[in-house]
Structures are given as structure tokens and as C-alpha cells.
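Q: Going down the list, the protein sequences come from chains A and B.
The numbering used here runs 1 ahead of the 1-based position in the first sequence.
The numbering used here runs 683 ahead of the 1-based position in the second sequence.
Beta carbons are placed, not taken as given, at the ideal position from N, Cα and C, and that holds for glycine.
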Amino acid sequence: MKVGVVVFPGSNCDRDMFHVLTDVFNLDAQYFWHEKGLPKNIDAVVLPGGFSYGDRLRAGIIAAHSPIIKDIQKLAEKGVPILGVCNGFQILVESGLLPGVLLKNNSLKFMCQWTNLIVENNNTPFTCQFKLKEKIPIPIANGEGRYFVDDNTLKKLKQKNQIVFRYEKVVNGSSDKIAGVCNEDGNVVGMMPHPERAVESEINPIDNKPSSLIFESLLNTIGVEN
Amino acid sequence: MSLERQELEDLKSKIGRDPTSTEVQIVAAEWSEHCSYKSSKKHLKMLPMTGPSVIFEKGYDSGVLDVGDGYVVTAHIESHNHPSAVEPYGGAATGVGGVIRDILSTGTRPIAIFNGLRFGNIEKDPQARWLFKNAVTGIADYGNCLGIPTIGGEVEFDECYSNYALVDVAAIGFGKKENLIKNHANKGDLVVLMGGSTGRDGIGGSQFASDSLETEDRSAVQIPDPFIEKLIIEAIMEARNLHLINAVKDLGGGGLSCAVSETADTMGIGIELDVDKVHTREPGMHPDEIMVSESQERMLIIIDKQKLKKLQDICKKFRVICSVIGHVTSGNLVHVKKGKKTFAKISAEIIANAQLLDRHSKKPAYLKSIQKEKKLDSITNYSKIMITLLSSPNIASKSWVYGQYDHEVGIRTVVKPGQDASVLRLDNGKFLSAKIDGNPKQCYINPREGAIGCFEEACRNVVCTGARPIGMLDHLQFGNPQDPEIFWTFLESLKGITDFAKFFQIPCIGGKVSLYNETSLGPIKPTPIIGVLGLIDNTPLIPKKINNSDCLVIIGNTKDELGGSEFYEYIHRFVGGNCPKVDFKESKRNMNSVLDIIKKGLIKVAHDCSKGGLAVAVSEICMTNKIGCKISLENVPGENLPPDRVLFSESHSRYLLVLDKKNLKPLENLLQKNKVSYNTIGRFEGNRIQFNVRKKSLIDLSVDKALKVWMNSLENLIIHG
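#1: Run through the DSSP bridge pairs and tell me what Trp115/A is partnered with.
#2: Could you work out which residue in Lys1391/B, Gly1369/B, Asp1279/B is closest to Pro1349/B when comparing CA atoms only?
#3: Just reading off the beta strand (DSSP E) that Val1007/B is part of, what are its end residues?
#4: List the whole-angstrom C-beta distance separating Phe802/B from Tyr844/B, where the pair is believed to meet the contact cut-off of C-beta under 8 Å.
#5: Using CA coordinates, which residue listed in Leu1397/B, Asn1015/B, Phe1331/B, Gly751/B is at the minimum distance from Met950/B?
#6: Who are the Cβ neighbours of Gly699/B in its own chain at under 6 Å, not counting the five residues just before and after it?
#7: Taking 8 Å as the cut-off, decide whether the C-beta atoms of Ile1189/B and Leu748/B are in contact.
#8: Here's a check: name, in chain order, each residue in its chain whose Cβ is nearer than 7 Å to the Cβ of Leu1400/B, leaving out the five neighbours to either side.
#9: Can you round the beta-carbon distance between Ile952/B and Val1011/B to whole angstroms, since I take them to be within the 8 Å contact cut?
#10: Tell me the residue span of the alpha helix (DSSP H) that contains Trp34/A.
#11: Decide if Arg171/A is buried, meaning its Cβ has at least 16 other Cβ atoms within 10 Å, or exposed.
#12: Select from Gly1239/B, Ile1364/B, Trp1393/B, Asn1375/B the residue whose C-alpha is nearest the C-alpha of Glu1303/B.
#13: Would you call the stretch 1304 to 1318 of chain B and the stretch 1178 to 1187 of chain B in contact, with 3 or more CB pairs under 8 Å?
#14: Helix, strand or coil, according to DSSP, for Asn227/A in the structure here?
#15: Is the CB-CB distance between Leu158/A and Ile139/A below 8 Å?
#16: How is the beta strand (DSSP E) around Pro1485/B delimited, first residue to last?
#17: Tyr743/B lies in the alpha helix (DSSP H); which residues open and close that run?
#18: Buried or exposed: where does Ser745/B fall if 16 or more other Cβ atoms within 10 Å of its Cβ makes it buried?
#19: First and last residue of the alpha helix (DSSP H) that includes Met974/B?
#20: What's the C-alpha gap between Ser213/A and Val200/A?
#21: In chain A, which residues lie with their C-beta within 9 Å of the C-beta of Val1092/B?
#22: Quick one: is Pro772/B near chain A, going by C-beta distance under 8 Å?
#23: Beta-carbon within less than 6 Å of Ser1080/B's beta-carbon, same chain only, minus the 5 sequence neighbours each way: which residues are those?
#24: Run through chain A and tell me which residues come within less than 8 Å of Asp1089/B, C-beta to C-beta.
#25: Can you have a look at Ser704/B and say buried or exposed, based on whether 16 or more other CB atoms are within 10 angstroms of its CB?
#26: Taking 8 Å as the CB-CB cut-off, is Glu95/A touching chain B?
#27: Answer yes or no: do Gly1149/B and Leu1224/B have a C-beta to C-beta separation smaller than 8 Å?
#28: For Ile92/A, decide whether its Cβ has a neighbour in chain B, counting only Cβ atoms nearer than 8 Å.
#29: Threshold first: 3 residues or longer. Then list the beta strand (DSSP E) segments lying entirely within the stretch 1334 to 1370 of chain B, N to C.
#30: Between Pro10/A and chain B, is there a C-beta pair that is closer than 8 Å?
#31: Looking at the ligand PLP, does it come within less than 7 Å of Val182/A, judged from the CB to the closest heavy atom?
#32: How about Leu1285/B: is its C-beta nearer than 8 Å to some C-beta of chain A?
#33: To be precise: take each residue of the stretch 991 to 1002 of chain B, compare its Cβ to all Cβ atoms of chain A, and keep it if any distance is under 8 Å. Which residues remain?
#34: Who are Arg801/B's beta bridge partners in DSSP?
#35: Does Ala818/B come within less than 8 Å of chain A when only Cβ atoms are used?
#36: Taking the alpha carbon of Ile1213/B as the point to measure from, which residue in Ile1237/B, Phe1183/B, Ser1232/B has its own alpha carbon closest?
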């Protein structure tokens, strides 16, 4: 099984994500530079966090026009699991693969802190190992992390079970405390918090088990071969 | 930009003719205090700079430490005071950029950023608030974008920084020893300028920083672009992996002039370059401007001709511009041309070696009166005083600051900001602990003892994580060195730091001197900053949960040393008194004992006792663990002092340890064997912080109330003024 880690100019969590996929979960991960194509037989794709293009214009908007996005769109249609974390989520939203937008936090500040997530949908390739409403201690680190949708879209998201994670408490003013969503088919998931920062006990002061389930869900979905 | 008359004469006699205007610009940049260290260089030699793990390479701007198993740690410290005082966002951000490139120049990947920030009285002075807020955002935006965690630092406020700012930035790098770039060059090698374009920003920056800040020269301030810096980092890492680079140097103070002349001088080569080949931000720049512009995010690379194509491919991938601007020649001339016309042709040795000065020094007159104690008003309500202290901007939690820094990226941060020192995991299974500390209030009262105190405090912080200090960075910040009284304070601080470094065998692996830190209001207080790196071979002490009936033990003696303390200065508005002094032998005993105790796994928490004294240190443990503690002040070892002095003295070499009571006996055995002064002074229980003297209550505060004040006061001050 191969997991692609997409690297844009300014991605800065690519190495962290790669480390977690390979060293912690023994997945066969490979970097893909944003100007290169993705192989058709890839099993999953992760868009890591960072500041692609220095967040110029708006976080994620320039990267959303990278050549690799076309391949990601095709894979998404085929049902391949795709995860966007932080800037990766912003890129997925800006490229139209996920609904909504990400605005500046209502504190107008960059926020780096630990927070709790609640699993709202355990029917995606990245959450299938969770119990519904399970709590995940996890760090956020973003300046434009306030998820926003209009009321109609919010209603649709609820109807189609597209809200994947909510913050336990109000963190940054997101619509309905949303921290992560998926597409209608559920195979494309975006989330602002950083699971790759929470799976190793050495650097997770609280509990690394719940975050690990995000990666174990992926393992479970794409099957353990080799 | 110009040379002083004497310097111009000196230059003429060295080259035997009148210099061209470009030569004057180049030499003036390099002979500025900022680049040449002409006032301090003779004295800096006293610092110990070697040690078993120190690696020295030609032309490095960062220190290198061998941390075993084929890995090295690099570290450097810089300040960006003048620019930050004028334009805090850009000044602080470009300060981060500069120190990161120093780390990158060794071929190591930057893995952490630290900062030390100092401003005027933010409670009264809206300008100080503005400077503070924007400097923090500048650091945050730059470091966050690079994906290098800002994991620690310190923030302090004092009226001596009114209308000014001290922005110190340190960075740490990590890599394989075999990947260190061993600077070398051969005749015919190409000289490449990589990165941002050269513009008219930052012109004369190094000279701007070598004079007191009286005019706000905005053109001397540089403009930050962290995105380009990030691309440069990745491009250099790829080029390093392919062994493409012969030598590399960051363009910092003095721009191209200093980078070229210092590279030529340290490697004994000549460099010929054409300013027309430099990619500029705007047309029509004069060669003088191109040579001294301090535009950011630029690196000078020396590369074998055969390898140029590969470097160009990497730069193309990252869309980073790289221009071949010249080549290496034999001899040692820096030859600057524009097309065919020569604008400067002068020996690198002359440029890079300013005449070093012997500045006069004289003990300052103010010191005679300031070291005396004064009778103070007696205190009736200690709990109220405690709340006031916890809300003091110098003591209040700095979470408003570090909450804006991505301190998790890179997934190395084991002990996060807000603790004594931050701890990073390294790829060889070891851990690196680091902290920077300064204490201008104490340094003002006693420049020597104050500087030693900063050094010991940084060591204590690192020791509290279980790390053995292995290297030190110093940053010496003072006013105008031409004033003998100021120069005396510089020398005293330096001597103190040197004595401590030698006694503890902690090599100085890098540093910086920043002089002329003054405004029309006068000079700053002496502000040496010390950064200490510590190594943990096995497991760091990660603070563990404290339970009811756990014991609180103090190590070290509490003495009548409140000079420069928050209690004197913030509560009593009194500047003066006995500055805390470090007893080297006691310090070493205590330090080694704490390391022993941590290694044996006897304790849950170790916390350094410093600003605000014992009272604040105990409260910090209670607040961060949300648990109460009952302390008996009569049990605190040391001089027999009135309770206010026991509570708030800032004596050094003191540590607070929290442990399960079952470990008390082995702990006592170890401390007695090591002949360390200690005592059990409290028990954790309930939810109140209670200081008693012989059962009589002195302070009685709810942990929740204390926590609320401590956590929120800085943010409230910034938002509401």
C-alpha cells in the first residue's frame, strides 16, 4: 500500500507526516512534489500542513491551482481516501473538494494550543476505528482555522453526515464548532488539528491513543498488505 | 554611510591611495561596530570556547556541538534591536530570518527558535505595548511560516527600554556530522547569490545599529519574507545532500560587502564580482547600494563550475533565483565591477579586519549609592501583595506570547514552553534542553554578579529538565561603548560570565555583542543574555501529576538578596540593595545533586526559584498543577530573615522539588551525602496556596484565583491597556 504525501512550496508538516506514516504506522509513504503527477494506483493521499505559498492572498488558494490537484480530484472521484490537515484542509476547501471556507480565527491571532475534538462521523476512512462522540486530545496551530459555512450548507452538511469532528468547546468561532468535514462520499476528509503531532507518547502529554485511531482507521481501510 | 576621519586615514595608508566611494561603503559597513566588534573583540578572547564536544569549522557563524552517534547540534544568537525599535514587526521577523540562515550555513536544519524580548513599562506606556505586540507577531509569523517551532524565551519590561526594544533571537540546528558544510574554495569556483532580490531596504543597517537610536531611519530596516526563506532552506538542504556546496554564507549585517569580504578573508581567496549580475528588486541601483543593501533571505554560495547546473535545477524546482555574480580568484582581492568598470579593488584582509580599539573603562558613579539597602514600608496584607506580584507583567504567565508561536511543528517538542526549559528530542534518542535568561535589574545593580546570575539561572532551568549543560551562547547588550562607565559594565559582565564558564567548563559556542543601545532618554541597563544548551542522555524529567500529600523540598540557601527583585522594584518601587551572588561551589553541588536526583527518578517536578522568589516559584507549581500547598517558612534553609525576605529574595542556586513522600528518605540520604543545604518546607493538599510562619498564616490564596490573575493579566493589559 502506498500513501502519497503531497508537498507544496511552503508545506512544513510534510516531514512530520511522513515520519508518522512510515516510522510509527509502518505505511509505505512517498513524497510527491506538487508539480508531479500522482500514480493511479495510489492507495491514499495526505495533504500535510504548512504555509503553501506563504499563505499569500489567502491560505491554500494558490496551492489549489497546482498541477497535482487535478490528479487528486480524479482520485477523489474514484473513492481513494484523501486527508487534508491544517493547510491541507485549506487547500481541499479552496480547490472545491470540500465545502466551506476557512477564515481568520476570531481572536485574529495564530493559535497553538491543545484542544479536544469530538468524533461526529465514524464512517470515513480516517475515523472508522472510533466510537461515535469519542474525545480526541490534539493540538491546533493555525491563524486561518475558523471553518465557516452558511446556514443552508450547514443544514446540508448535517443531513449528509459530513461533519466529521467538532471542537468540544468554542475554540476559534467555527460554524457549529466544526473542526473537520468530509465530502458527500466520505472519502475526502479535512481537519484543522494536527493528528501527526499527537500519536507519539513522547510528545503528547495527555493521551496518544485517540489520535492514533485516525491512522489506524486508514490502515484498516486500505488493508495491511506487504 | 561613512568612515570616521581617523578610519579613513587609516584606510588610505593601508591601500596607499584614495579609496573609491564603493570601497568606502564596503569598508564602512565592515568596520562598523556591528560587523567588526572593534570595541569588544580584544576582550571576548577571555571566554573559553573549546571543549571536548565543540567542533570548529572555518567561516561558521554558528557554534557546533557534537552530541554523539554521528550527530551535531548547532546554535547561534542574534539581536535586532535598532530595527525592532523603529518597526517592531519587520525588525523582529528579520531577526529570526537572520539567525536561521546562520544555522543553515553550517549545513544543519534549523529545528528551534528562542527569543528574549524587552520593552518599556507596558502598563503605562502605549508605545511599549505596541512594540511588544508587533514584535511578538513578527516572530510568530516568520517562525510559523518556516515551520520551525519557537519553543522558548523570556519577556521582560523595564523603564530603561522606553522608546526602544531589545529583540534577541536564538536558533538551534540539528544534523549529521558528515553533512556539515566544510567551507572551502578553489580558484575558478563560481560565486552564486541565491534567494531574495537585492533592494534598497536595509541600506546601512549595520551602521544604523552602530549608533544610538535618535533618528528613526526607516530605510535601514529590512523587509521580511519567510516564504522565500523556507524555499531557501529546502533548496540548501537538497544541495547539501548532493554535496554541491563548497562554501556558504548568509548575507546579514553589511549585506554583500561583509559576506564577500569575510568569506574571502577566512578562506584566503580573492573574489571578483559584477554587480550587474546581482538580481535586484528595482532598476538603477548604484553599485554602492547593491554592495551594502541588507535585503533579506539571501545566501552566498561558492560552488564548483561543474556542479552549477545541478544547483540551478534545485533552484528552479523551488522557484528561487540564483545568480552567478562572480568567481574565486587567487590572491585576496575583493574586486567589484559593474560590467567592465571597476568600482572597488581592495584586499579582503583590510576590509575584514578593522582596527581593534582599547576603550577606556571606569566604575560608574551610580554604583556607589545603589547597592545600599533601604528601610521599606512594612506589609500588612501579604496575600494582596502576592496577587499584585502574580499580575506583574514580568511574572504573569506568558501564554499570550507563546500561544501565538507554533511550538509543536517538527514533532520534537517534549517539554513545551511555559516550563523551566524546553526539551527537544533528537534522532539519536537523546534530548536537548535549552533556555535563555537575562536579568537587567540585577545587572544594573551589579553588572558582574548579575551576569553570573543570568548564566546560573539558565543552567538551573536546563538542569530542572535533567540536562547537563554542554554549551553556552552569550549576547552582551549595552549602551555606547565610548562612555567609559558603560564600557566598565560591559567588561565586568564579561568577566563574570567568563569566570562562571571556566569554573563549570561550559564552553561559549557563540555570541554577539550589541552596543549603542541607547535613545535620547539614555542608555539601557546592562543586558547580557545567556543561552544554555543541555544534553539528556536518557530520559528527561517531564513534570508529573502532583497528588495530595506529596512533599515540597527546597535545595539551596535563601539569603538577604532582594536587590533587583520584583518585590523591591514592582512592589516598593525601589531600585537598589544586595544583588544576589552565586557561590560557585554551592552552585555546582546543588546542580549536580539535582541531576543525580532526576536520574534516580526520585522526583515528579523540579522548578527553579528565580523571579519573584520562593513565593512565586511555589505558586507557579501550584497553579500549573491546580493543587494547593501548605508551606512552613521557618523551615526554609539559609539566613535567619524576616518573612518578606524569605518569600521574595531572589537568591540563586535554589531548586524546588516535588516528590512522593516515600522517596523522601532516599532523597535526604543523597542530599546529606552531597552536603547540600535543603529542607522539606511543604505538603501539597487542597486548593489553597498557604504560606505560614510557625503556624501563623501569612499568605492564604485560592489556587483558582491566583491562576486566573496569573494567566490573564498580560493579555488583559495588551487588549485593554
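A: Reading off the structure:
#1: Counting from one through the first sequence, the residue named residue 115/A turns up at place 114. DSSP output for Trp115/A lists Pro140/A as bridge partner(s).
#2: Sequence index remark: in the second sequence, residue 1349/B carries index 666 (1-based). Measuring from the Cα of Pro1349/B, the nearest candidate turns out to be Asp1279/B.
#3: The residue given as residue 1007/B occupies position 324 in the second sequence. Per DSSP, Val1007/B belongs to the beta strand (DSSP E) from 1005 to 1012.
#4: As a working mapping, residue 802/B is identified with position 119 in the second sequence. As a working mapping, residue 844/B is identified with position 161 in the second sequence. By a beta-carbon distance limit of 8 Å, Phe802/B contacts Tyr844/B. Their separation comes to about 5 Å.
#5: Within the second sequence, the letter at position 267 stands for residue 950/B. Checked all of Leu1397/B, Asn1015/B, Phe1331/B, Gly751/B; the closest Cα to Met950/B is Asn1015/B.
#6: Against the second sequence, residue 699/B aligns to sequence position 16. Here Gly699/B has no same chain residue with a Cβ atom under 6 Å from its own Cβ, once five neighbours each way along the sequence are excluded.
#7: Translated into the one-based positions of the second sequence, residue 1189/B becomes position 506. Translated into the one-based positions of the second sequence, residue 748/B becomes position 65. Contact: no.
#8: As a first step, residue 1400/B is located in the second sequence; it is residue number 717 there, counting from the start. Once the five neighbours on either side are set aside, the close Cβ partners of Leu1400/B are Ile805, Glu806, Pro1076.
#9: Here residue 952/B refers to the residue found at position 269 when the second sequence is read from its first residue. Here residue 1011/B refers to the residue found at position 328 when the second sequence is read from its first residue. The pair is a contact, with the Cβ atoms about 5 Å apart (cut-off 8 Å).
#10: Here residue 34/A refers to the residue found at position 33 when the first sequence is read from its first residue. For Trp34/A, there is no enclosing alpha helix (DSSP H); the enclosing beta strand (DSSP E) covers residues 29 to 34.
#11: Locating residue 171/A in the first sequence gives position 170, where the first residue counts as 1. Note that residue 171/A is Val in the sequence shown here, rather than Arg. Exposed, because fewer than 16 other Cβ atoms sit within 10 Å of the Cβ of Val171/A.
#12: Counting from 1 along the second sequence, the entry for residue 1303/B is found at position 620. Nearest in C-alpha terms to Glu1303/B, of all of Gly1239/B, Ile1364/B, Trp1393/B, Asn1375/B, is Trp1393/B.
#13: In the pairwise beta carbon analysis, the stretch 1304 to 1318 of chain B is classified as not touching the stretch 1178 to 1187 of chain B: fewer than three pairs are separated by under 8 Å.
#14: Position 226 of the first sequence, counted from the start, is the residue given in the question as residue 227/A. With a pLDDT of 40 at Asn227/A, under the threshold of 50, the modelled position of this residue cannot be trusted; read the value that follows with caution. Assignment of Asn227/A by DSSP, reduced to helix, strand and coil, places it in the coil class.
#15: Translated into positions along the first sequence, residue 158/A becomes position 157. Translated into positions along the first sequence, residue 139/A becomes position 138. Cβ distance not < 8 Å, so Leu158/A and Ile139/A don't count as in contact.
#16: The structure shown does not extend to residue 1485/B, since chain B is modelled only from 684 through 1404, so no value can be given for it.
#17: To locate residue 743/B, count along the second sequence from 1; it is residue 60. Annotation for Tyr743/B: no alpha helix (DSSP H) segment contains it, and DSSP assigns it neither H nor E.
#18: In the second sequence, the residue the question calls residue 745/B occupies position 62. Ser745/B comes out buried.
#19: What you label residue 974/B is simply residue 291 of the second sequence in a count that begins at 1. Counting along the chain, the alpha helix (DSSP H) containing Met974/B begins and ends at 970 to 975.
#20: Position 212 of the first sequence holds residue 213/A. Position 199 of the first sequence holds residue 200/A. So the two alpha carbons sit approximately 5 Å from each other.
#21: On the second sequence, residue 1092/B is found 409 positions in, with the first residue counted as 1. In chain order: Asn13, Cys14, Asp17, Gly50, Gly51, Cys113, Ala142, His195, Arg198.
#22: Walking along the second sequence from the start, residue 772/B turns up at place 89. Note that residue 772/B is Tyr in the sequence shown, not Pro. With its beta carbon at least 8 Å from every one in chain A, Tyr772/B lies outside the interface.
#23: As a position in the second sequence, residue 1080/B is number 397, starting the count at 1. Cβ neighbours of Ser1080/B beyond the five flanking positions: Trp1393, Met1394.
#24: The residue labelled residue 1089/B in the question sits at position 406 within the second sequence. Residues of chain A passing the Cβ test: Phe111, Cys113, Ala142.
#25: Along the second sequence, read from residue 1 onward, the residue named residue 704/B stands at position 21. That one is exposed.
#26: Taking the first residue of the first sequence as position 1, residue 95/A is located at position 94. False, the Cβ-Cβ gap to chain B never drops below 8 Å.
#27: Here residue 1149/B corresponds to residue number 466 of the second sequence, with the count starting at 1. Here residue 1224/B corresponds to residue number 541 of the second sequence, with the count starting at 1. Taking C-beta atoms as the reference points, Gly1149/B and Leu1224/B count as a pair closer than 8 Å.
#28: The residue given as residue 92/A occupies position 91 in the first sequence. Output row for Ile92/A: interface = no.
#29: Taking only runs of at least 3 residues, the beta strand (DSSP E) segments lying wholly in the stretch 1334 to 1370 of chain B are 1338 to 1342, 1361 to 1367.
#30: Here residue 10/A refers to the residue found at position 9 of the first sequence. Yes, Pro10/A counts as interfacial toward chain B.
#31: The ligand PLP is not among the ligands present in this structure, which contains no ligands whatsoever.
#32: Numbered from its first residue, the second sequence carries residue 1285/B at position 602. So no, Leu1285/B is outside the interface.
#33: Those residues of the stretch 991 to 1002 of chain B that come within reach of chain A (Cβ to Cβ, closer than 8 Å) are Lys1000, Phe1001, Arg1002.
#34: For the purposes of this step, residue 801/B is identified with residue 118 of the second sequence, where counting begins at 1. DSSP links Arg801/B through a beta bridge to Glu839/B, Leu849/B.
#35: Position 135 of the second sequence, counting from 1, holds the residue named residue 818/B. Against chain A, the CB of Ala818/B has no partner CB under 8 Å away; the residue lies outside that interface.
#36: As a first step, residue 1213/B must be located in the second sequence, where it is residue number 530. Nearest of Ile1237/B, Phe1183/B, Ser1232/B to Ile1213/B, Cα basis: Phe1183/B.
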